[in-house]
């Protein structure tokens, strides 16, 4: 079996890497295609995964429109060369369009619900795999599973953090540290967002630094007063960094969900809704969300200070995480079954919810 996996973000490498490794181990051929946005190719090389870069991603509205056609053509040509039996992606219209032209099935995973992208890929997609939380994507193509995308690579049965990263950070085993993650706000779905103000970023760093060491992960440039806090570990080490952190403070959505799976509290400042994070917040108490208003940004700083002063924080969050894990599936195991038994898996998944119990794995 040949599977072409298209990725549009570094997080998608993590989402599919364990699946790709298991498919290859079972005798299938896998090829990743990507646009170079941040460090996608670095991660693919690190994990030894076969890939083809379609070129650098374009910025601006005109560039994004041009990219739809240019990358679509390149994906189609790569499909002709590789001859996949199936296309897989995280909601990639590039993959969906190529699959349709080649008359091959496209399976999409979805957890961001950016409908400007969904409208572009949904008509050309056979199955859309989502979490079983309440979300706005209603379609006969939707297959729901009990869990979150981050369980594909951070489920305790698949990920053991390496504490040697503490030495790279200059951190003692009992020392506290905060990771701050700032996005660039250049994606199409980021229009109308302002993110965290520079004033509040500086204020948060100053106040958190009085209680813990601070590291900043940023998609874009940082002002001189914050550059010295930039996280300098290799991209492949980010989950080790998060696993031993005391707290995450951010305006992104992916890292907070990763922290929930790792048992680390996160504070998220964003005006949009994240349906996975809402379940992690409301059902399991693993994260906190705030709007982008200046008042809420200040509240998020104060909440961060309060958490840093809380005794037994890590123990409490691991307990909450373990409760979540006991109710959620190992997503990689489910995807492996879904692909290897396609298309029967679609019918089974729609008509028998009991099948999911086979993919629940206990914490180590």
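Residue numbers (the numbering used here): 579 to 942.
C-beta atoms are modelled at their ideal positions from N, C-alpha and C, and glycine is treated no differently.
- Under the three-state reduction of DSSP, residue 735 is assigned to coil, being neither helix nor strand.
- At least 8 Å separates the beta-carbon of residue 804 from that of residue 784.
- DSSP, reduced to helix, strand and coil, places residue 709 within a strand of the structure shown.
- In the structure shown, the three-state DSSP call for residue 827 is strand.
- Taking a 10 Å sphere around the C-beta of residue 644, we find fewer than 16 other C-beta atoms and assign the residue as exposed.
- When DSSP states are grouped into helix, strand and coil, residue 758 belongs to the strand group.
- It is roughly 40 Å from the alpha-carbon of residue 657 to the alpha-carbon of residue 847.
- For the options 631, 898 and 751, the alpha carbon positioned closest to that of residue 859 is the one of 898.
- Nearest neighbour of residue 738 by Cα position, chosen from 720, 920, 798 and 822, turns out to be 822.
- Closest option to residue 836, judged by alpha-carbon separation, among 590, 754 and 615: 590.
- Under a 10 Å Cβ-count criterion, residue 906 is classified as buried, with 16 or more other Cβ atoms of the shown protein chains found around its own Cβ.
- Classified as exposed, residue 740 has fewer than 16 neighbouring CB atoms from the shown chains inside 10 Å of its CB.
- In this chain, the beta strand (DSSP E) harbouring residue 610 covers 607 to 614.
- Fewer than three pairs of CB atoms, one per stretch, sit closer than 8 Å, so the segment 790 to 802 makes no contact with the segment 718 to 734.
- Boundaries of the alpha helix (DSSP H) harbouring residue 786: 776 to 787, taken from the DSSP string.
- Check the Cα spacing between residue 787 and each of 879, 802 and 746: the tightest is with 879.
- Along the segment 814 to 885, the beta strand (DSSP E) occurs as fully enclosed runs of 3 or more residues at 825 to 828, 844 to 847 and 865 to 868, listed in sequence order.
- Shown here, residue 676 sits in a helix according to DSSP, grouped into three states.
- Our two residues, residue 647 and residue 654, have alpha carbons roughly 10 Å apart in a direct line.
- Where residue 669 is concerned, there is no enclosing beta strand (DSSP E), because DSSP gives it neither an H nor an E.
- The Cβ-Cβ distance between residue 731 and residue 710 does not fall below 8 Å.
- Looking from the CA of residue 827, the closest CA among 691, 862, 811 and 877 belongs to 877.
- Judged by beta-carbon spacing, residue 615 lies beyond the 8 Å limit of residue 630, meaning their Cβ atoms are not closer than that value.
- In the displayed model, residue 629 falls within a strand according to three-state DSSP.
- If you draw a 10 Å sphere on the C-beta of residue 895, you find 16 or more other C-beta atoms in it, and that means buried.
- For residue 638, the closest alpha carbon among the candidates 735, 597, 762 and 747 is that of 762.
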